[in-house]
Every structure is written in structure tokens, then in C-alpha cells.
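> A single structure is presented below for examination.
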Amino acid sequence: MNRRFLLATAITLTGLGTAPVWANADAAAVKSVAAQASAAGAQEVSLDAVVEAVRQATLSAQVPGAIVSLNVKAGDRVRAGQELLRIDASAAQQNVAGSSAQLEASQANLRVASKELDRQKQLFQKQYISQGALERAQAQYEAAQAQVQAQQAQTRAAQTQTGFFSVRAPFNGVVSDVPVTLGDMAMPGRPLVTLHDPSALRVSAAVPQSMIQGVRNQLKSVRYEIAGHTSVAAASVQLMPSVDPVTHTAQLRVALPAGVEGLVPGMFARVWVPGSSASVAAQNGTKDAAQGGRVFLPLTAIVRRAEMTGVYVMDAQGKPRLRQVRLGRTAGQTVEVLSGVSAGEQVVTEPASLGKKL
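Per this note's numbering, the sequence shown runs over residues 51 to 408.
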């Protein structure tokens, strides 16, 4: 049996949960390094987070009607005040026309009442009519005047309602979703367009109730990390003053700098917050965490086999043994090991060279 076959067999056993030992590897020739424990950031806890838009709106109609014009699609950039879609406003326009006609009729009645009042005043001065006749003419004029005012208000209300049939962007942004199509029936409360402002994003995470006080006292120590971007110290952090009664968590919001390319709402992020040693141990579930230390290894020591991530650790006999690990954040050329390796253990830094020794 050749040594290439032994290598393939060892990898196969690894996938089944058996850690192979390189019996033929020369311990003296294998390059290894001791897993480094760092106290820096030992009191940090990693929280899952998500990228959110500070300004995001889901627009709906205030009046029912069929959608007769749809001017945007998902991904389009829009300006504040731009018309996004229009609803059939034929009935509303007819109401405006009817109200305008009634207003003209009321104004005509007011003119007639005004002239009649002037004539009654002249007759009263010549004592041709009684005081009661003059007062009746005055009352008719005031009633006609009130009718004009009421009709003016009704006409303005009808004209305002026609504006509800046009849905416009409340701010500059990007259209996230358009769940309707041309011809759909718009109803009050039904979502029509969702848009967000990409210039103002934030990272939001849920902080457990047991950690709220510690985080509130050390907001300047909060860091965040997004896939494809390096870990950054948060410049602006806000811990919401209320706690969710269902999850018993408080929302932590970290403002993101403007102009960062590739960030969109919904992306996964990670927030590192200050916490006690007990919090770190509970988060990582490792002996090293319970001792208040964090283990770091070079990136070159990491071995990936399908869905398994591991490293080669030197056993008591000085032979490299493959061991599965769980990784944390990456910092430069090193990576944090959350579980699987203890501080001080010798780890192979160039696992690719093990195959050459068979």
C-alpha cells in the first residue's frame, strides 16, 4: 500500500470523526507554533448583528383604486418628491368637478343675497319696510355667505384627496422592493413600494439583559465586523433605553460611516461588546474563555476539509493530529480559535508540508 493511499485514507477518516495521526512525520522537521493566549479583549463578547438603513419606508395608499402607472422597479434610485406610481383618480376628479360647480352656485346665491340686502337697507331708511323685513334680508345674506365658505372647504378637501392617488418618494433613496404590478388594486394599508436611504446605514444587535449595564458603561469599546470588511472601532454607538419584554434584550445601534461600498441592508454583521468573564465563557463555551483568555493562531495553520475546519496539533508523542476547531474573528494574519485548541499547544503552521513526509 503506497503512502498516497494512506493520505487519502486519513482524510476520509477525518470526515467520519476520527482524527488521524501522521506516524511517518518527522516531529523535528514539522514546523509548529504554540497557540498564543491573549488577554486583550478577553472581556469581549461576540453578538450577531445585521446591517439596517436608518431611513427606510414602506409606502402604501390612502385611497383605494387600480394602479394605472408604475414608474420604478427594485434597485432604482429616486429623488424626494418623485412620483413612484399613480392610482386611478377618475372618481376623485369627478368629485372635484362637482364640488366646484356647487361652489359657483353658492357664490351666485351670495351675490343675489348681497344685492337684496342693499335694497332692503334703502327701503328701511325711507321707512317703507319694517325692521323685521330688514333683519330677514340680513339673515339670508349671512346664510348665503356661510354656504359659500362650507362649499369652499368641501372643494379644497376634494382637491387634496386627488393628491392621494399619486405615491411619491419621501426622501432620496433606493427602491428595495415593489410588491405590486401594473393593474393591481391598491387598498389603504397595502404595501406598494419599499425604499431606503443608502447614505445612512447602521449595525443593529440584540444585547442580553445581563450585559446591558456593562455595555452601557463602555460604549466606546464596542467594535463591529462585516463580511469583506475589517473589524472597526465604532465611532457612534447608541444603546436603546428599553428592553424587549419577549426576548429580554436591548437594541444596540452602531452608526456606519457614509460612502462604504458594498454595504446593503440585511447583511450579516458581528458586534464585539464588553462583557464579564462569565459572559465570555457562556458565549464561547470553552475552557480558555472561562479562564479569561483568547487563543490565536496563524491563518496558515487552518485546514479546511469540505465542511470541516481544523488544525494539526502535536500530541504527547510529538506526532501531528488533526483536530476540529471553531473559529472567531480574523485580525491581520491571525485568527481567533473559540474552541478545539488550548493555549500553549503546539500547532502545525504549514499543514501542506505533512503530505511530503509520507
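Just so it is clear, CB atoms sit at the ideal spot from N, CA and C, and this is done for glycine as well.
Quick caveat: nothing in here was measured; it's all calculated off a predicted structure.
What does a CB cutoff of less than 7 angstroms around Ala-75 pick up in its chain, not counting 5 residues either side in sequence?
Unreliable placement is indicated for Ala-75, whose pLDDT of 45 sits below 50; the coordinate value is still reported in the next sentence. These residues qualify, in order along the chain: Lys-369, Pro-370, Leu-404 and Lys-407.
> Going by other Cβ atoms of all chains shown within 10 Å of its Cβ, with 16 needed for buried, is Val-398 buried or exposed?
Val-398 is buried by the Cβ-count criterion.
> DSSP on Ile-262, reduced to helix/strand/coil?
Residue state, collapsed to three classes: helix.
> Could you tell me the distance, in whole angstroms, from the CA atom of Glu-166 to the CA atom of Gly-223?
Using only the alpha carbons, I get a separation of about 60 angstroms.
> So for Ala-130, helix, strand or coil by DSSP?
The answer is coil: DSSP assigns Ala-130 none of H, G, I, E or B.
> Could you compute how far the alpha carbon of Val-83 sits from the alpha carbon of Val-323?
Approximately 29 angstroms between the Cα atoms of the pair.
> Indicate whether Leu-289 and Val-128 have their beta-carbon atoms separated by less than 8 angstroms.
No.
> By how many angstroms is the C-alpha of Ser-292 removed from the C-alpha of Ala-236?
Distance between the alpha carbons of Ala-236 and Ser-292: 36 angstroms.
> Three or more C-beta pairs under 8 angstroms: does that hold for the segment 141-155 against the segment 244-264?
Touching, no.
> Could you tell me the alpha carbon to alpha carbon distance between Ala-141 and Phe-215, rounded to whole angstroms?
Cα to Cα, the separation comes out at about 11 angstroms.
> Could you pull the DSSP bridge partners for Val-225 from this structure?
Val-225 is bridged to Leu-245.
> Just the Cα atoms here: how many angstroms apart are Val-225 and Ala-219?
Straight-line Cα distance between these residues: approximately 9 angstroms.
> Quick one: using the 10 Å Cβ neighbour count with 16 as the cut-off for buried, is Val-330 buried or exposed?
Reliability fails at Val-330, whose pLDDT of 47 lies under 50, so the model's placement of it is uncertain and the value that follows must be treated cautiously. With 16 or more Cβ atoms within 10 Å of its Cβ, Val-330 is classed as buried.
> Within a Cβ cutoff of 6 angstroms, which residues of the same chain sit near Leu-302, ignoring the five residues on either side of it in sequence?
Ala-255, Val-257 and Leu-289, listed in sequence order.
> Excluding the 5 residues flanking Arg-105 on each side, which residues of the same chain have their C-beta closer than 8 angstroms to its C-beta?
Correct list, in chain order: Phe-221, Gly-223, His-246, Asp-247 and Ala-250.
> Considering only their Cβ atoms, is the gap separating Met-317 from Ile-276 smaller than 8 angstroms?
Closer than 8 angstroms, so yes.
> Using the Cβ count rule (16 or more neighbours within 10 Å means buried), how would you classify Thr-205?
Buried, because 16 or more other Cβ atoms sit within 10 Å of the Cβ of Thr-205.
> Within its chain, find whatever has a CB closer than 7 angstroms to the CB of Thr-108; leave out the 5 residues flanking it on each side and keep chain order.
Taken in chain order, the residues that qualify are Pro-241 and Thr-244.
> With a threshold of 16 other CB atoms inside 10 Å of the CB of Arg-355, please say whether the residue is buried or exposed.
Exposed.
> If contacts are defined as beta-carbon pairs under 8 angstroms, then Glu-102 and Arg-252 qualify, I think. What distance do you get, rounded to the angstrom?
About 5 angstroms; that satisfies the 8 angstroms criterion.
> Report the CB separation of Ile-117 from Gly-233 in whole angstroms; it is logged as a contact under 8 angstroms.
Right, the Cβ-Cβ distance comes to about 6 angstroms (below 8 angstroms), so this counts as a contact.
> Could you spell out the range, first to last residue, of the alpha helix (DSSP H) harbouring Gly-182?
Counting along the chain, the alpha helix (DSSP H) containing Gly-182 begins and ends at 181-212.
> Only counting the same chain, and skipping five residues up and downstream in sequence, which positions put a Cβ closer than 8 angstroms to that of Arg-266?
Here the set comprises Leu-289.
> If we count the other Cβ atoms within 10 Å of its Cβ and call it buried at 16 or more, is Ala-203 buried or exposed?
Looking at its Cβ environment, which holds fewer than 16 other Cβ atoms inside 10 Å, Ala-203 is exposed.
> What is the residue span of the beta strand (DSSP E) that Val-100 lies within?
Val-100 -> beta strand (DSSP E) spans 94-103.
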